[in-house]
Amino acid sequence: MSIDTETARRVAKLARIKVEDDALPALAGEFNAILGFIEQLNEVDVEGVEPMTSVTPQRLKRREDVVTDGSQQEAVLANAPDAREGFFAVPKVVE
C-alpha cells in the first residue's frame, strides 16, 4: 500500500494536525516507511509463539485487599463544592 500526498493531507486533517503543503510529501514518505515496516513484521513467522505482556517473564506483585485509611467521609466531603446526604452533588447533564 502506498500513501500519496492527498491521503497524507486527509490523515493530517482527521488527526487535526496542521501540515503545510510543502511538508506533505515528506509526511507521505514517513507514512510509507511505517507501512513498509509493518509489512516486514507481517512476514515474521509467529506460529506457536504465545502472546506476552512483557519481554521479561514476571508475575505481578499482589497485596492484601484491605480497606485502609477509610471512614473519612466528612473530611473528604468538606472540600466538595456541593455535598448532599453524604455524597458529592453534581449538576444534571442528561435530561
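Counting from 1 along the sequence shown, just add 822 to a position and that's the residue number in the working numbering. Each residue gets a CB set at the ideal place from its N, CA and C atoms; glycine is no exception.
Mind checking who residue i pairs with in its DSSP beta bridge?
i: residue 884; result: For residue 884, which the question treats as bridged, DSSP gives no partner whatsoever.
i: residue 855; result: According to DSSP, residue 855 bridges with nothing at all.
i: residue 905; result: 910
Determine the contact status of residue i and residue j, defining contact as a CB-CB distance below 9 angstroms.
i: residue 829; j: residue 847; result: no
On the DSSP letters alone, give me the boundaries of the alpha helix (DSSP H) that residue i sits inside.
i: residue 827; result: 827-836
i: residue 894; result: Per DSSP, residue 894 belongs to no alpha helix (DSSP H) and is neither H nor E.
State yes or no: is the beta carbon of residue i nearer than 9 angstroms to at least one beta carbon in chain B?
i: residue 851; result: Going by chain labels, chain B is absent from the structure shown, which holds only one protein chain.
Alpha carbon to alpha carbon, how far is residue j from residue i? Give it in angstroms, no decimals.
i: residue 861; j: residue 845; result: 25 angstroms
i: residue 886; j: residue 897; result: 25 angstroms
i: residue 851; j: residue 910; result: 52 angstroms
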